[in-house]
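Residue numbers (the working numbering): 293 to 518. Cβ atoms here follow ideal geometry from the backbone N, Cα and C, with glycine treated the same way. Since this is a predicted model, take the numbers as computed values, not measurements. One structure below.
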């Protein structure tokens, strides 16, 4: 699965770059902000729900006449997970803040005033912050008499982050409204599939896998400078 994602991202980026060598396009800069829903794919699994978060960033876009383009972004994005304790009044969530650099193929279609688009490509990131919220002392779980430890991993509660660098693939669809003053407004839904683990994944570690996934819903603005 990871090899397939990497090959797909590389192929889409090469297609966009190849198109840019044949046609004269336009250049736009802009920004975006929105909400995220994320979780961590643990193995062994951890009972969890999607963790809400925030993201914002800036973007550079080069678009071609023949429906192709390239987008480079620099985003701040919150990710993590929120655990579930069915039948118990415990709450635990762990949030990570990343600086993300997506390089995306941009495929668009439509009129001069309204367009639909599809974005896909590789993404790298670096963790710049983290925090944990819980209504119990997660460093001394064994002292809680009513804590549900049966058939449940507790090693992730205070497990140190081993890999701050992350990489993966993202893909999204959206629509764009183009104004007459070189401005345009976007609505996009995007999915990120992380390919690196947050925590250690050696045989002696708690988890063999702990990679991120997130859904992003954003509003964006572009201003065409060429």
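Each residue's CA atom was taken as its position, placing residue 406 and residue 468 some 6 Å apart. Around the beta carbon of residue 322, 16 or more other beta carbons sit within 10 angstroms, so the residue counts as buried. In the pairwise beta carbon analysis, the region 441-451 is classified as not touching the region 399-415: fewer than three pairs are separated by under 8 Å. Between the alpha carbons of residue 496 and residue 470 lies a distance of about 54 Å. The beta carbon of residue 389 sits closer than 6 Å to the beta carbons of 370, 420, 421 from its chain, once the five residues preceding and following it are set aside; these are given in chain order. The region 373-380 and the region 349-362 do not touch, with fewer than 3 CB-CB distances between them shorter than 8 Å. One alpha carbon belongs to residue 451, the other to residue 386, and they sit about 11 Å apart.
Excluding five sequence positions before and after residue 431, the CB atoms of its chain that fall closer than 7 Å to its own CB belong to 450, given in chain order. Rounded to whole angstroms, residue 499 and residue 462 show a C-alpha spacing of 24 Å. Leaving aside the five residues that flank residue 510 on each side, the residues in its chain whose CB is nearer than 6 Å to its CB run, in chain order, 324, 326, 480. In this structure, residue 332 lies near residue 372, with their beta-carbon atoms less than 9 Å apart. Within the same chain, Cβ atoms closer than 7 Å to the Cβ of residue 426 are found at 383, 384, the five residues on either side in sequence being excluded. A direct Cα-Cα distance of roughly 20 Å separates residue 367 from residue 489. Here residue 365 is near residue 393, since their CB atoms are less than 9 Å apart. When 443, 455, 454 are compared, the shortest CA-CA separation from residue 337 is found for 443. In terms of Cβ geometry, residue 397 and residue 352 do not form a close pair [threshold 9 Å].
Take the alpha-carbon of residue 409 and the one of residue 476: they are about 13 Å apart. The residue from 501, 395, 412, 506 with its alpha-carbon nearest to that of residue 465 is 412. In the three-state reduction of the DSSP assignment, residue 365 falls in the strand class.
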